[in-house]
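Colleague:
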Amino acid sequence: MINYLYPLYEIVRNYDRCIACRVCERQCANEVHEYICDADKVVCDDSKCVNCHRCVALCPTRALKIVKSGNTYRENANWSCKTIDEIYKQAGSGGVLLSGMGNPEKYPVYFDKILLNASQVTNPPIDPLREPMETKVSLGAKPKAVERDENGRIINNLPPQIKLSMPLMFSAMSYGSISYNAHESLARAACELGILYNTGEGGLHEDFYQYGNNTIVQVASGRFGVHTGYLNASAAIEIKMGQGAKPGIGGHLPGTKIVGDIAKTRMIPEGSDAISPAPHHDIYSIEDLRQLVYSLKEATGYKKPVIVKIAAVHNITAIASGIARSGADMIAIDGFRGGTGAAPTRIRDNVGIPIELALAGVDKRLRDEGIRDNVSIVVGGSIRSSSDVVKAVALGADSVYIASAALIAMGCHLCRNCHGGKCNWGIATQIPELVKRLNPDLGYKRLVNLLTAWEHEIKEMMGLMGINSIESLKGNRLMLRGVGLSDRELEILGIKYAGS
Amino acid sequence: MLREGEVRIPSGCAVSGIFDRTGGRMSGENIIKSIEVMHDRSNGLGGGFAAYGIYPEYKDFYAFHIFYDSAEAKRDCEDFLERHFDIINLSKIPVRRMKEITDEPKIWRYFVAPLPTRLAQSQLDEREFVVKCVFRVNTQIKGAYVFSSGKNMGVFKAVGFPEDVGRFYRLEEYAGYCFTAHGRYPTNTPGWWGGAHPFALLDYSVVHNGEISSYDANRRAIEMHGYKCTLQTDTEVITYIIDYLNRKQGLSFKETAAVIAAPFWQTIEKMPAEQKETHEYLRTMFASQLITGPFSILVGFEGGLMALNDRLKLRSMVVAEKGDLTYISSEESAIRIIEPSLDNVWSPAGGQVVQLTMNNEQ
Amino acid sequence: MKRVYVNEQWCLGCRLCEYYCAFAGIGGADMARTLKGVKINPRICVEENNGISFAVSCRHCEEPLCVKSCITGALTVNSDGGVIVVDKSRCVGCYTCILSCPYGAVSPSDDGVIQKCELCVKTVSGVPACVQGCPNNAIVFEERCVAL
């Protein structure tokens, strides 16, 4: 049989530096490296390499690097090498192309075309090292009016709220799609940081009930692991209607990953495929959603805010408007760059819209309708840095969700082979010897470090804008200016062009 | 008319206020003198006054002060007013011709009461009905601008230095229990007559010194509640926030201050339980009404005056007392010029509300 | 006293500790130059069986059998901290210590006498090289109340 595919990447080993310690060989689950005893040297098979950089990072003498192989077909502006390779793959396998993580294609990244303001002369920047700088947020619906008792005292009529030390949460990644140790890292980091993490649709491992006050439990179309104890263990409940990486389709965790505790936590037999249907089969319309929202509220005594998570799609503003009237306390919107453990490549790369536009549209629409206070808006789908957080809040988000950034903090190198199940970094795998590569003591600390750093940066950016409380940044679009954007894009984002 | 962009870039404003807690009426002469001392804090692009208790004979009627750019605007506006209000009295506001004040629009005053039938049809309470009508005029009738709409009070403002504006409006001929004044050094709006301060809605009037950094967050939030920020000034949005919190949500001025210049979370943490709960509630419920960035404001209202600084105290403000009178100003000099021997002088802390009401001072 | 402990739960069997140990023992500015073509003989050794692995090095016992068994006084407990050190000039290579150490933490060195971990804490970070080089916190350098 002809092998049509030439490796995209090539491992370059500097034999002057290689001491044949074999750490690369021992650490590669894809069996790329091999020690040749007779020659006392390590050789590699590039065709197996997924470019995850585990060997590169662990090589004690920096003898390894990975470069583009450079093998190319005849140049063609229409038929890229990638397109041709994909055809070879499908012609060989007859299967749907699969990918992990978010859409990597060259669509505009609006965050990179938005710039922040700073105070000069007419009002002073505020130094976060000298003055209090508040990043605390409270998510949830806000009542229409103040109520008082017969003595004139204000009655606390606020529906359940989520309190966060900063406008940031870890978004849904199921136990099963990521490892036990990755989950433990997220849970412990969320606790230490005073934020929340999200179970995803795989249920909540019994070991993690202790982190319940910092946990969002998800109810997805497969209803894996959903029971009253699970719902009540949480700080909030999220109904997952859709996901940015694969709007409109369900999920499929192969039976090979449904082992031991994962099967138990998901409440399904070991070895059975965990299939999440594309729709919730009890939600075919907005009025059905309202029923599920209230079912969950009934099950939890109206003590937990309910989030409805949707993928950013074309008519997102109308959908959001419907959700804001469904009794949900929060809307989570996942942009088309959002990550996933596995998605059909064509869907990941061609469905959905950028989160910046979806957010701007939804925030405006809900304000125009006077229902913005009915819900908080949480956005995810590629928040990559503290400045993305600041820009998202200024566009109108109450909080953001991060997931890919959190995985990267724990070691992920975005090799996008999560679906292979052999994550060398111990994140997207259930193979015990790989899972143990992520020591939660280190993983959690790196997450805490990352967000502590972001928090410092957010405070610095707020301070230079003369803002000392995050709520004064929310929807403050005058703090933003666009560059390299069309009038139409500026109009949708609700911002002015730089210089105007 | 000078537009923003043609003027020098700004740095500040001056505010001053005098309040008689017995309700005794004084002439407008002193407030002009007070604001005149702070001449250098303005740049001649706007000045104005709010005076309370000046129309005792019409105290049950809304006093509309309106700028007209043209006779046509006046005709359209009066048509509108006649359809919605009983007009008890109308007249030109008397002014003194002077070389310092030019390009004045037509300035008219109406004492009105909502037509009972129209009011009933609208299903609104009376004050909300008046607010809606004021917004209608200001957004839909080209060349007409209602800049004062309260009972037994009036706003007088123009492009010019504030002391000239006071003399232009013959303020010394009015007598009231409370006056506030503003000298403007425009920051982010063109220096036109309507844009001068005070900014007023019903009997709320606000004079403000500062440039708030939360502006667009506040604006977009308040516009959701039916307000229209046509001037794009800080003062306008602050006035609407105060109207929303105090009139629509029924918060006291103290509670209002706890929203717009909220105590820091670290301060709230240390409060006694009941107080803590209230403050947590107010900050959570009205997060979008928190104002950050520098401001010092004087809020006039029927029977009272409130002064407030931003919570970091990024703008100056001095309070002084002498007998029944309380003076609040950007600078102590502006108080000393009219009352050299004071009983006491102090500076409120950032976020500390100073609320003056008749015979009940806090 | 701070000692090197292993968390076998997190040991990946990558054997980087052995290489960092060897490098620290020989010295030099660059591991590649120091260890190129060298068959290493580290004082820490990863034991591996049935998917379980952990690194073994001297426990610096409070009542060390090796010191007791040493016939020349080459092995002593360092007076200022409890580290068991070797005086190579006194060692005659009888290997009694190797036989008596219950952990197998003493081994022959390339020059005939014995070698063992002497806690190379004079590194830049103040922790032994093996601990510094472990990618997964499977070897830690810390104070624990339970002495071995």
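Chains as they are written, first to last, in this note's numbering: chain A, 1018 to 1517; chain B, 17 to 378; chain C, 660 to 807. No residue lacks a Cβ here, since even glycine has one placed at the ideal position from N, Cα and C.
#1: Which of helix, strand or coil does DSSP assign to A:I1171?
#2: Report the CB separation of A:L1481 from A:A1135 in whole angstroms; it is logged as a contact under 8 angstroms.
#3: Tell me, please, whether the CB atom of B:W208 is closer than 8 angstroms to any CB atom in chain A?
#4: Examine chain C for any beta-carbon lying closer than 8 angstroms to the beta-carbon of A:C1432, and answer yes or no.
#5: From B:P130 to B:V153, what does the alpha carbon distance come to, in whole angstroms?
#6: Given that A:T1078 touches chain C, what residues does it touch there, using C-beta distances under 7 angstroms?
#7: Residues of the region 265–288 of chain B with a CB closer than 7 angstroms to any CB of chain A: list them in chain order, please.
#8: Give me the DSSP bridge partner(s) of A:R1165.
#9: Measuring only from the beta carbon, is A:G1344 closer than 7 angstroms to any heavy atom that is part of the ligand GTP?
#10: Near C:K747, what residues of its chain come up, given a Cβ to Cβ distance below 6 angstroms and the 5 sequence neighbours on each side ignored?
#11: Using Cβ-Cβ distances below 8 angstroms, what residues of the region 1473–1504 of chain A are close to chain B?
#12: Would you list the one or two residues that DSSP bridges to A:L1497?
#13: Determine, using beta carbons only, whether A:I1036 comes closer than 8 angstroms to chain C.
#14: Relative to chain A, which residues along the region 766–797 of chain C have a C-beta separation below 8 angstroms, given in chain order?
#15: Distance check for C:T735 and C:L778, CA to CA, integer angstroms please.
#16: In the region 323–337 of chain B, which residues sit with their C-beta less than 7 angstroms from some C-beta in chain A, listed in chain order?
#17: Kindly indicate which three-state DSSP category B:M154 falls into: helix, strand or coil?
#18: Taking DSSP's pairing of strands, which residues face A:T1232 in a bridge?
#19: Tell me whether C:Y678 is buried or exposed, calling it buried when 16 or more other Cβ atoms sit within 10 Å of its Cβ.
#20: How about A:Q1044: is its C-beta nearer than 8 angstroms to some C-beta of chain C?
#21: On the three-state DSSP scale, how would you describe B:T196?
#22: Closer than 9 angstroms between beta carbons: that is the criterion. Which residues of the region 228–247 of chain B meet it against chain F?
#23: Candidates A:A1426, A:L1213 and A:M1479: which alpha carbon is nearest A:K1180's?
#24: With respect to the alpha helix (DSSP H) encompassing A:G1378, which residues constitute its N-terminal and C-terminal limits?
#25: To which residues does DSSP link A:P1361 through a beta bridge?
#26: Please confirm whether A:T1334 has its beta-carbon closer than 8 angstroms to some beta-carbon of chain B.
#27: CA-CA distance, B:E20 and B:H213?
#28: Within the 8 angstroms Cβ cut-off, does C:C680 reach chain A?
#29: Count the CB pairs spanning the region 221–230 of chain B and the region 136–146 of chain B that are closer than 8 angstroms, and state whether there are at least three.
#30: Going by CA-CA distance only, name the one from A:V1406, A:S1155 and A:I1195 that's closest to A:V1452.
#31: Should A:L1412 and A:R1498 be called a contact, given that it needs their Cβ atoms to be closer than 8 angstroms?
#32: Apply the 10 Å Cβ neighbour rule to A:G1501 and answer buried if 16 or more other Cβ atoms are within range, or exposed otherwise.
#33: Please state whether the Cβ-Cβ distance between A:V1325 and A:I1340 is less than 8 angstroms.
#34: Note down the Cα distance separating B:I104 from B:H295, rounded to an integer number of angstroms.
#35: At a CB distance below 7 angstroms, what residues from the region 1148–1159 of chain A approach chain B? Give them in sequence order.
#36: Anything in chain C within Cβ reach of A:K1321, meaning under 9 angstroms, just list it in chain order.
Modeller: Per the coordinate set shown:
#1: Reduced to three states, the DSSP call for A:I1171 is strand.
#2: The C-beta distance from A:L1481 to A:A1135 rounds to 4 angstroms, short enough to fall under 8 angstroms.
#3: Contact of B:W208 with chain A is not assigned, every C-beta pair being separated by 8 angstroms or more.
#4: Among the CB atoms of chain C, none fall inside 8 angstroms of the CB of A:C1432.
#5: Their backbone Cα atoms lie some 15 angstroms apart in a straight line.
#6: The answer, in chain order, is M690 and A691.
#7: So the close ones are Q265, G266, L267, F280, W281 and Q282.
#8: Its beta-bridge partners are A:I1171.
#9: Looking at this structure, you won't find the ligand GTP or any other ligand, since it has none at all.
#10: Around C:K747: V772.
#11: Cβ proximity to chain B below 8 angstroms picks out M1482, G1483, I1484, N1485, S1486, E1488, S1489, L1490, K1491, G1492, N1493, R1494, L1495 and M1496 from the region 1473–1504 of chain A.
#12: Per DSSP, A:L1133.
#13: Yes, its Cβ sits closer than 8 angstroms to a Cβ of chain C.
#14: Sequence-ordered contacts of the region 766–797 of chain C with chain A read G792, P794, N795, N796 and A797 [C-beta pairs closer than 8 angstroms].
#15: When rounded, the distance between both Cα atoms is 14 angstroms.
#16: The region 323–337 of chain B vs chain A, Cβ under 7 angstroms: L328 and L330.
#17: What sits at residue 154 of chain B in the sequence shown is Asn, not Met. B:N154: helix per DSSP, three-state reduction.
#18: Bridge pairing for A:T1232: A:Y1214 [DSSP].
#19: C:Y678 comes out buried.
#20: Yes, A:Q1044 counts as interfacial toward chain C.
#21: Three-state result, B:T196: strand.
#22: As a matter of chain content, chain F is missing from the structure shown, whose protein chains are A, B and C.
#23: For the residues A:A1426, A:L1213 and A:M1479, the minimum Cα distance to A:K1180 belongs to A:L1213.
#24: Counting along the chain, the alpha helix (DSSP H) containing A:G1378 begins and ends at I1372 to D1385.
#25: A:P1361 pairs with A:L1115.
#26: Residue-level contact by beta carbon fails for A:T1334 and chain B, as no gap is shorter than 8 angstroms.
#27: Confidence at B:E20 is low in this model, with a pLDDT of 30, below 50, so the placement of that residue should be treated as unreliable; the coordinate-derived value is given next. B:E20 and B:H213: Cα-Cα distance of roughly 16 angstroms.
#28: Not an interface residue.
#29: Too few Cβ pairs lie closer than 8 angstroms, so no.
#30: Ranking A:V1406, A:S1155 and A:I1195 by Cα distance to A:V1452 puts A:I1195 first.
#31: When the beta-carbon positions are compared, A:L1412 and A:R1498 stay at least 8 angstroms from each other.
#32: Its Cβ having fewer than 16 others within 10 Å, A:G1501 is exposed.
#33: Closer than 8 angstroms, so yes.
#34: B:I104 and B:H295 have their C-alpha atoms some 44 angstroms from each other.
#35: Hits within the stretch, in order: E1148, P1149, E1151, K1153, S1155 and K1159.
#36: Per Cβ cutoff of 9 angstroms: no residues; A:K1321 is ~35 angstroms from chain C at best.
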